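Numbered according to our numbering, the sequence shown spans residues 1262 to 1372.
Glycine included, each C-beta is placed from N, C-alpha and C at the ideal position.
Note that the structure is a prediction, hence the values are computed from the model and not measured.
Following: one structure in structure tokens, then a few remarks.
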Amino acid sequence: MKNLLFLVTILIPLMGFSLDHHKTEFKVYGACGMCEARIEKAAKSVDGVTAADWNRETKMLTIEYDADRVNLDDVHKKIAEAGHDTEKVRAKDEVYKSLPACCHYERPDKD
1262 MKNLLFLVTI
1272 LIPLMGFSLD
1282 HHKTEFKVYG
1292 ACGMCEARIE
1302 KAAKSVDGVT
1312 AADWNRETKM
1322 LTIEYDADRV
1332 NLDDVHKKIA
1342 EAGHDTEKVR
1352 AKDEVYKSLP
1362 ACCHYERPDK
1372 D
């Protein structure tokens, strides 16, 4: 009985974790702490993204996500909708221009 209780105690929390949990990083342009908060919030708003951390120095966003639920293109699009260019999606000019002045960064060339 003790062994069964021990197994149940160990296995129940593990069942909540997805077997298809991934971590990736990609370039997101920004300039300041306000950008960091906005970028991370936009990434985490995508259902299935469990963590987001943007590095202001390297401009790299690291996300943890459930690959069964997340299409990475959706994460890029959501960040661009918030006004920040990614390595795949460019934010609309009017959205970028509406960011606070401290959030303006040198934009990459259009493809």
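Would you say the beta carbon of residue i comes nearer than 8 angstroms to a heavy atom of the ligand PLP?
| i | result |
| --- | --- |
| Gly1344 | What this structure holds is no ligand at all, so the ligand PLP is not there to describe. |
Whole angstroms is fine: what's the gap from residue i's alpha carbon to residue j's?
| i | j | result |
| --- | --- | --- |
| Met1295 | Cys1364 | 7 angstroms |
Assign residue i to one of three DSSP states: helix, strand, or coil.
| i | result |
| --- | --- |
| Val1356 | helix |
| Glu1318 | coil |
| Asp1334 | helix |
| Glu1367 | coil |
| Ala1312 | strand |
Count the other C-beta atoms from every protein chain shown that fall within 10 angstroms of the C-beta of residue i, then say buried if there are 16 or more, exposed otherwise.
| i | result |
| --- | --- |
| Val1356 | exposed |
| Ala1303 | buried |
| Lys1320 | buried |
| Ala1352 | buried |
| Ala1343 | buried |
Pop quiz: residue i and residue j are said to be a contact at Cβ under 8 angstroms. What is the actual Cβ separation, rounded to whole angstroms?
| i | j | result |
| --- | --- | --- |
| Asp1346 | Arg1368 | 6 angstroms |
So does the segment 1338–1352 actually touch the segment 1297–1317, counting three or more Cβ pairs closer than 8 angstroms?
-> yes
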